[in-house]
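A.B. asks: Attaching a single structure in structure tokens format; questions to follow.
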Amino acid sequence: MKHYASRFIVWLVLPSIALMAMKAPNRPHMRKYAPKKGPRLFFSSGFQSIVGWDSSRPSKKRTADTVGNGNGDTVFIFPSFRHQQNLIPADTLVLSPLSTKPYMSVQQLLKGDVAGLYIQEPSGEPGTAQPTYIRGISRPVFSNRDLASVQPIVYLNGIPLITDNPYSYNIQQADFTTIGPGTNLFAAYDVDNIDKITVVKGLADAAIYGPRATNGAILITTKNAHAGKRQISINSFYGLVQQDGVATRNAKSEHNFREPFYRQYADAHGYDSYPAYLRDSSNVNYFGPSNWTDIYYKNSYVHGINASLSGGSDRSNFRFFGGSTRNTNADGTQLDRYNGAFFINMLPFKWLTISSMINATRLERKRNHSLRDQFAETRYIPDLSNPLSPNKNVYGKYLSEFDKAIDANKNNLVQGYFALTFDLGKLQYISRVAFDYNEGTRDVFWPSTLMETNNFVSNYFGFNQRFIVDNKIAYTHHFSDTRSLAFEGGQSFQGDVNKYNYAYGYKGPSDFIKINVVEGDSKKANYLLPQGFVVYRFTDKLKQRLLSFYGKLSYDHNHIWNVNALLRSDGASYMQPGSRWFLSPVVTGGWNLQQTFFPHAGSLLSKLDLQASAGRMGNTIPEDGFAAGPQYNVDLGFTNNPAMYSYNGFGTLSRPYSSGWIGYDIPWAYTDNYTLAADAGFFQNRLSIKVEAYTKNTRNQMMRIPTTSESGYNAVYRSGLAVNNTGVDVAMDAVILDGHRNQLGWTAGINFNFNRNRLQALPDGLDEIRIGARKLKVRESIDRYWLLQNEGIYNSNSEVPVNPDTHLPVTYKGIPMKAGDPKWKDVNGDHVIDDKDRVLTGHALPLVSGGFNSQLQYKKFTVDFQFYFALGRTVLNQQAAKRYDFVNQDADNNLGAVREITFWQQEGSPKQYPLYNPWSQVLPYQAEQDLFLEKASFLKLRSLTVGYDLAALPLIRRYNIFNRLLLYATGTNLLTVTPYSGRDPEMIDVSGYDTGYGLPIPRTYTLGIKVDF
Amino acid sequence: MLYTIKHWTIVIACVLAGSLLGGCNKVLEVNSPHLVNETNNWKSIQDTRSALLGTYGLMRAALADNNGYWLYGELRNGDFQASGSGDLRAVIAGQLNASYPSLQALSDWRRFYAVVSSASIFIDRAGEVLNNDPQYTLLNYKMDVAQVRALRAFAYFCMARIWGDVPLIVTSHDGNFDRKARTPQQQVLAFAETELLSAVNDLPYRYGLSTDVNKPQLYYGSTNTTWDGVLINKISAYAMLAHIAAWDSRYADAAAYANLIMKNYDKAAAGYVTTASLTSPTGFFYNKSTSQFFMLSFDWTNREATVDGHLESLTLAAPLISKPVPDIYVSADTVLRIFSEPLDERFSIDSAGVAVTPYFTGVTGVKPIFSKIKVIRDGSTDGSLAIYSSGIVFSRLEEITLLYAEAMAVLGNRTEAISAMDAVRQKRGLNRYLNGSGDLITDIFLERRRELMGEGWRWFDQVRYQRIKNNNPAFTAMMKQGGIYWPVAQTALDNNNLLVQTPYWR
């Protein structure tokens, strides 16, 4: 009953206020906001503070020169109407400086350009995932699987884009990558087709987007159709990915590295298990030249070309875009993208606009040759005792076996909408049907020569589909020329379906039959059964629905102050019937201090706006399992075999013992957000400073907490996880020289965010819990490591402290410490080193991150560059730990013990670690100790571009064909400054471990041209 | 006028939208395709079959996880040596608290309690299906409940052997996470015995095949070929009972239970296994058959073969599979010491001085490969794809016969003991037992050691042997401290403050 009441509040109270307001006497005519624009230069910096409704009416006539300048002069942006903007709007990125960079993904475009947006790039491999965080993380992220819950939602022209659901990890042993193509779906959008990107951070702006936007939203607005002279643009670039020379090692180096350990600690058994590949120094495969890098780190080429055509009349206009882009990197990796987009707007009547879009993309990816990912997929680990040879000839022979292989990863994405806009003066109504569909296929065949004479085949097909129906209505009432009250009400339905079919098989008949052939004769008993391969099949499906209603009232008083109040009710299929609906309010108020107090300040203080907002919004859950409450599913798996589905050939059901108990009475998780923002402009806005202080509490989140082993469950799901993120976003932009009359123009912008997360509460009033190698403790940050403190080495047995009560030496979890063992700090002084002696330390996420960018212009010359930095962040150097822990690495035959070809690479400037006894059962080189924790702040020169617009040359201007003819040269990832001893400090996994995986983020040099006719 | 129209437009829009809301909750009701909720379960005969076999599957997972069946039962202080220096070496040396992830996982009894919980839920809920689905007969229901009670008892017996005192939880506790202290092992074993004794009445000798024409000939729609070996029958229950009694040093009871099997095994069509079948890749450990008293199967034809959960993943190596060195092996010295009698079909030196053995491959090498069990895929000899489908077998007739011999010897009935032992010896080509080492009990355990090598008994046999002999002060001291048991996992201790660590591992 409660949720019905809440919906009535939304639907009855707000309109009646609106109606009452209409009864006010003075009924003015409709009034348009005059867009208040900051200084708009072609080479303006990354941000532009756009006050009020920036875009014109859909029907408004436009001039051609506004296209492509990132000024948002597009049709209309869902889902907001034009009269209800906040005084201080969200950060919007102007893309023109970025379109000269060979960036493939939306994340790469945004990196370092928006305060409060932090983007990780764990690998430079084109098309791999790039975790994105807006204003911190609302829950702990220890694995790729955890990511889905903290990622912002991306909108393309108002369509909330659906991504891969993490449910496919259920049948995977390791979550390095998904069973599908695993391609970053946000690499599908061409920067030359994007008009602008807005980053929505707080609830003041996110409220209208609903629960999917509680982690923030990234709004991509493409260039759109518009009326005017026919316009053609062609953009193209070509470039080189240059690989740095790396220092290599061979078996001799490894032998020398191990030698002191053997000399000091090895017993007969230690020598006995000395690996075969290190034994024979006459074996040139291992002891010969280590020149594998010649084929692994090959220079490669990137290129892109696209064209657009737009034109039409006021009553109907269109835009067409088509393009193709290629990104490459080492190890033969590559991502190809083919785009096509088509936009039509029609105005059959003055009061009706029909607009539509179709945007289609195909992504094709060549993935890396990592053995770990290969074995994770085959679920079969061959003998690992001999690594790949560092010798070019042998390694080349190995790689040539991939000529027989298939590894095809393809994604097809298509988005579209059809929208009707009714404009009846004061009343506006928009109805829209939209969809986002993307499918991924991955076909793999690995020949028998790659895996102990077994060949392997796998086929994946999966799709994600979202269907959206939106309706919204707005009514504006003007009390006078300057005072207005607007009401907006809307409904949104989003229906999601995710599905995949997956099969893998071993031991096909030969390396020439690369597909899983099934019996085609329906009369035969083995109809559709595999012929040859030993096949395992999987399929899964997920359905989710979200239904929302909202009402919003906006009052504007003489442009001096305004208030926006929004109330929404969201119902979700993934919540239990008793708590399906969630009611949430957001209130935002803005005050123009400059108008109030300094209306005559002149040019010195040209802008001073203050805005405060407070609100609450429900959170989404990626899983669909909570709605059912207590449930039964298949739970037969065990370590290394998570996907067991039958006993004696029959499907089974039991409680979800491995994943965790789910009970009743699960409430919505929600985020409370308070923001205070100030936006100031000086010297006619040539210097603008925007500061936003925020605090957000995400409460009642579901959390998997450990439970008693005697219950049979691994964990129980409980609600009550609460995390606070508090911080400040600061963005400053300056037009240092305005560049008028062909003089030097110089703009610069700096942005940074300080964010600190804190665990406020755990479910069931717990104070702390451990999750794998991590611990969460209330009042501590959730991105901390949980480590033993290393204080050196016990050089002799007599140095080991003795427990005065028992006269026994200090133990590590019961194993007595001896000479050669690490001296770990006994924090609680109980003479036992165990997990109680671990301390929370470091931060996997930076405390401060941001960027600095600048543009210079002289006549038709332009130069721009961008720095990117992250400070106050630490990394656990697991790669170094593994190198030292060679004894256990030799003995293990699991995914963690795989030695890649990069085992033969000398990383960075390696630290020297103490010489422990690697055979000791106390695991002296376990990664989880502060010995391997390093500061990993960094500053990068991310890009530098030099351009020249030839269109102004008299020779060319004479023909009057080109509006623009820009030639440019760009370098990316040019310089890194860091104290970190390992590799590129960006190449860290989501949990803060440097695993040694991931391809280097490439240094790219490109030449490009941009032509507008 | 215009004003009024606008006015009404809003009102109508609101009313329209409001009326749509009635359907909202229906739209949001989506049944997840990959789970069954409480309202849809326990409705039909498929639900009981799924839940019953799910409980078996959980038992399989508990014993297969990290190859636990052998790490718990075979390796410690046993005949196998480890090649590497990791967790296996630690287990063999009895350093069960070494901080390897696998050992920490193995010291957690959670997976066994999943069996207990699943079984208890079945006992609580299966009755609902009797009312909901007429196909579900009372007889079927009784057999099912008897099986899960036996399974739960078996889980407790396994836990008692591994950890000693464990919390005894006999109700389903569904969604209730109360803490409970460890219950003395005697009580746990007594509970298991009582449960088995009451279950055994409802258990058949065979499933899907009845000599009684009045009883259904099919079990869950399938004949005995589907069910033989993989479900708990009367014989399995008696085998469990015999072992519970023997573990509890009540040899009179153990003898009685074993004797019931020896008298009735033919009713379950069980029998002694030839050495050829025992060691064949497509023999005893591959096919489910009536001769396995209870096998947790990894059925090849149903794609249940795995890499882990099989002895082969530890023991096999080149030339049988591509792995160069086995993780564990029995050294040639040990082989020669244990198999000292001539004519032994399992291992013996023939007149030409050549080793004849289906138990080992490359016995003259540094690391002989223990190849008694070698079910690669469907029992193939092509070892290139090393996934295995051998089942985890708890007991067979030879094993029970030797247990009977052990009980008889302890009880002083030497003739009966020798005659039982000879029944097994003759199957393996050995001569009748004369005097052996001079100590009958030692010789019976030696016979068990030879016959059951690699079947997860060696460590438990040593414990029983020491309990009988009581002549090893170090072992006795260790036993007093609970050192024969595994330590309780730190995670289990962390989550239940009523649990205390076994003294030996403190």
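Chains as they are written, first to last, in our numbering: chain A, 1 to 1013; chain F, 10001 to 10506.
Virtual Cβ for every residue (Gly too), placed ideally from N, Cα, C.
Source: prediction; values computed, not measured.
Do the stretch 178–189 of chain A and the stretch 586–602 of chain A make contact, defined as three or more Cβ pairs closer than 8 Å?
C.D. replies: The stretch 178–189 of chain A vs the stretch 586–602 of chain A: no contact.
A.B. asks: Determine the direct distance from the alpha carbon of residue 195 of chain A to that of residue 421 of chain A, and round the result to whole angstroms.
C.D. replies: Working through the first sequence from its first residue, we reach residue 421 of chain A at position 421. Working through the first sequence from its first residue, we reach residue 195 of chain A at position 195. Distance between the alpha carbons of residue 421 of chain A and residue 195 of chain A is about 21 Å.
A.B. asks: Run down chain F in chain order and give the residues with a C-beta less than 9 Å from the C-beta of residue 1020 of chain A.
C.D. replies: No statement about residue 1020 of chain A is possible, as the shown extent of chain A runs from 1 to 1013 and does not include it.
A.B. asks: Any heavy atom of the ligand SAH inside 7 Å of the beta-carbon of residue 584 of chain A?
C.D. replies: In the structure on display, the ligand SAH does not appear, and there are no ligands present to speak of.
A.B. asks: Could you check whether the stretch 208–216 of chain A touches the stretch 612–620 of chain A, counting it as contact only if at least three pairs of C-beta atoms, one from each stretch, sit closer than 8 Å?
C.D. replies: The answer is yes - the stretch 612–620 of chain A touches the stretch 208–216 of chain A, with three or more Cβ pairs under 8 Å.
A.B. asks: How would you list, in chain order, the residues of chain A whose beta-carbon sits under 7 Å from the beta-carbon of residue 10110 of chain F?
C.D. replies: The residue you call residue 10110 of chain F lines up with position 110 of the second sequence. Ordered by position in chain A, the residues that pass the 7 Å Cβ test against residue 10110 of chain F are 709, 712, 714.
A.B. asks: Could you give the residue range of the beta strand (DSSP E) that holds residue 107 of chain A?
C.D. replies: For the purposes of this step, residue 107 of chain A is taken as residue 107 along the first sequence, with counting starting at 1. Premise fails: residue 107 of chain A lies in the alpha helix (DSSP H), 106–110, not in any beta strand (DSSP E).
A.B. asks: Please list the partners that residue 892 of chain A has in chain F, where partner means a Cβ-to-Cβ separation under 7 Å.
C.D. replies: Working through the first sequence from its first residue, we reach residue 892 of chain A at position 892. What residue 892 of chain A touches in chain F: 10086.
A.B. asks: Would you kindly report the start and end of the unbroken alpha helix (DSSP H) that includes residue 10059 of chain F?
C.D. replies: Here residue 10059 of chain F is taken as the residue at index 59 of the second sequence, counted from 1. From DSSP, the alpha helix (DSSP H) with residue 10059 of chain F extends over 10045–10064.
A.B. asks: Span of the beta strand (DSSP E) holding residue 410 of chain A?
C.D. replies: The residue you call residue 410 of chain A lines up with position 410 of the first sequence. From DSSP, the beta strand (DSSP E) with residue 410 of chain A extends over 406–424.
A.B. asks: Any residues in the stretch 10139–10164 of chain F with a beta carbon nearer than 8 Å to a beta carbon of chain A? Which ones, in chain order?
C.D. replies: From the stretch 10139–10164 of chain F, no residue has a Cβ closer than 8 Å to chain A.
A.B. asks: Please name the residue or residues paired with residue 786 of chain A in a DSSP beta bridge.
C.D. replies: Walking along the first sequence from the start, residue 786 of chain A turns up at place 786. Partner(s): A:840.
A.B. asks: How would you call residue 134 of chain A, buried or exposed, if buried means at least 16 neighbouring beta carbons within 10 angstroms?
C.D. replies: Here residue 134 of chain A refers to the residue found at position 134 when the first sequence is read from its first residue. Per the 10 Å Cβ criterion, buried.
A.B. asks: Does the distance from the C-beta atom of residue 898 of chain A to that of residue 384 of chain A stay below 8 Å?
C.D. replies: Mapped onto the first sequence, residue 898 of chain A falls at position 898. Mapped onto the first sequence, residue 384 of chain A falls at position 384. Yes, Cβ-Cβ distance for residue 898 of chain A and residue 384 of chain A is below 8 Å.
A.B. asks: Taking the alpha-carbon of residue 10428 of chain F as reference, which of F:10090, F:10100, F:10347, F:10128 has the nearest alpha-carbon?
C.D. replies: Your numbering for residue 10428 of chain F matches position 428 in the second sequence. Of the listed residues, the one whose Cα sits closest to residue 10428 of chain F is F:10347.
A.B. asks: Using the beta-carbon of each residue, which ones in chain F are nearer than 8 Å to residue 541 of chain A?
C.D. replies: As a working mapping, residue 541 of chain A is identified with position 541 in the first sequence. 10033, 10034, listed in chain order.
A.B. asks: Which residue marks the beginning of the alpha helix (DSSP H) containing residue 1058 of chain A, and which one marks its end?
C.D. replies: Past the boundaries of the shown model lies residue 1058 of chain A; chain A is included only from 1 to 1013, so the question cannot be answered.
A.B. asks: Considering only C-alpha positions, which residue in the set A:544, A:772, A:356, A:410 is nearest to residue 432 of chain A?
C.D. replies: Working through the first sequence from its first residue, we reach residue 432 of chain A at position 432. When each option's Cα is compared against that of residue 432 of chain A, the closest is A:356.
A.B. asks: Would you say residue 648 of chain A and residue 10493 of chain F are within 8 Å of each other, going by their C-beta atoms?
C.D. replies: Numbered from 1 along the first sequence, position 648 holds the residue referred to as residue 648 of chain A. Numbered from 1 along the second sequence, position 493 holds the residue referred to as residue 10493 of chain F. Cβ distance not < 8 Å, so residue 648 of chain A and residue 10493 of chain F don't count as in contact.
A.B. asks: Less than 6 Å between C-beta atoms, sequence neighbours within five positions excluded: which residues of the same chain meet that for residue 233 of chain A?
C.D. replies: What you label residue 233 of chain A is simply residue 233 of the first sequence in a count that begins at 1. Contacts found: 308, 1012.
A.B. asks: How big is the Cα-Cα spacing for residue 455 of chain A and residue 10310 of chain F?
C.D. replies: Indexing the first sequence from 1 puts residue 455 of chain A at position 455. Indexing the second sequence from 1 puts residue 10310 of chain F at position 310. Taking the straight line from one Cα to the other gives about 23 Å.
A.B. asks: Mind pulling the chain F residues with CB within less than 7 Å of residue 454 of chain A?
C.D. replies: The residue labelled residue 454 of chain A in the question sits at position 454 within the first sequence. Within chain F, the residues near residue 454 of chain A are 10384, 10385.
A.B. asks: Hey, which unbroken runs of the beta strand (DSSP E) at 3 residues or more fall wholly within the stretch 148–228 of chain A?
C.D. replies: With a minimum length of 3 residues, the continuous beta strand (DSSP E) runs that stay inside the stretch 148–228 of chain A are 153–156, 194–200, 217–222.
A.B. asks: Going by the CB atoms, is the gap between residue 142 of chain A and residue 814 of chain A shorter than 8 Å?
C.D. replies: The count along the first sequence starts at 1 and reaches residue 814 of chain A at position 814. The count along the first sequence starts at 1 and reaches residue 142 of chain A at position 142. Not in contact: residue 814 of chain A and residue 142 of chain A (Cβ atoms no closer than 8 Å).
A.B. asks: Going straight from the alpha carbon of residue 10170 of chain F to that of residue 375 of chain A, what length do you get?
C.D. replies: Residue 10170 of chain F sits at position 170 when you count from the first residue of the second sequence. Residue 375 of chain A sits at position 375 when you count from the first residue of the first sequence. The alpha-carbon atoms of residue 10170 of chain F and residue 375 of chain A are separated by roughly 42 Å.
A.B. asks: With three or more beta-carbon pairs closer than 8 Å as the criterion, would you say the stretch 537–553 of chain A touches the stretch 376–396 of chain A?
C.D. replies: No: fewer than three Cβ pairs fall under 8 Å.
A.B. asks: Does the beta-carbon of residue 32 of chain A have 16 or more other beta-carbons within 10 angstroms, so that it is buried, or is it exposed?
C.D. replies: Position 32 of the first sequence holds residue 32 of chain A. Because the pLDDT of residue 32 of chain A is 32, which lies under 50, any placement of that residue in the model is unreliable, and the question is left without a value.
A.B. asks: Of all Cβ atoms in chain A, is any one closer than 8 Å to the Cβ of residue 10367 of chain F?
C.D. replies: Residue 10367 of chain F sits at position 367 when you count from the first residue of the second sequence. Chain A contact via Cβ: absent.
A.B. asks: When you check each C-beta in the stretch 815–849 of chain A against every C-beta of chain F, which residues fall closer than 9 Å?
C.D. replies: Those would be 815, 834, 835, in chain order.
A.B. asks: Hey, how far is the Cα of residue 849 of chain A from the Cα of residue 674 of chain A?
C.D. replies: Here residue 849 of chain A is taken as the residue at index 849 of the first sequence, counted from 1. Here residue 674 of chain A is taken as the residue at index 674 of the first sequence, counted from 1. Their Cα atoms are separated by approximately 21 Å.
A.B. asks: Within the same chain, show all residues whose beta-carbon is closer than 7 Å to that of residue 80 of chain A, passing over the 5 residues directly before and after it, in chain order.
C.D. replies: As a position in the first sequence, residue 80 of chain A is number 80, starting the count at 1. The predicted model places residue 80 of chain A with a pLDDT of 46, which falls under 50 and marks its position as unreliable; any figure quoted below should be read in that light. The residues are 208.
A.B. asks: Are the Cβ atoms of residue 913 of chain A and residue 885 of chain A separated by less than 8 Å?
C.D. replies: Here residue 913 of chain A corresponds to residue number 913 of the first sequence, with the count starting at 1. Here residue 885 of chain A corresponds to residue number 885 of the first sequence, with the count starting at 1. Not closer than 8 Å, so no.
A.B. asks: Using the rule of at least 16 other Cβ atoms within 10 Å of the residue's Cβ for burial, across every protein chain shown, is residue 827 of chain A buried or exposed?
C.D. replies: Counted from its first residue, the first sequence places residue 827 of chain A at position 827. Residue 827 of chain A should be labelled exposed.
A.B. asks: Do you know how far the Cα of residue 663 of chain A is from the Cα of residue 882 of chain A?
C.D. replies: What you label residue 882 of chain A is simply residue 882 of the first sequence in a count that begins at 1. What you label residue 663 of chain A is simply residue 663 of the first sequence in a count that begins at 1. Those two C-alpha atoms are separated by around 41 Å.
A.B. asks: If you count every other CB in all the chains shown that lies within 10 Å of the CB of residue 641 of chain A, and 16 or more means buried, which is it?
C.D. replies: One-based indexing of the first sequence puts residue 641 of chain A at position 641. Classification of residue 641 of chain A: buried, given that the 10 Å Cβ count is 16 or more.
A.B. asks: How is residue 556 of chain A classed by DSSP in three states: helix, strand or coil?
C.D. replies: By one-based count along the first sequence, residue 556 of chain A stands at place 556. Strand, per DSSP.
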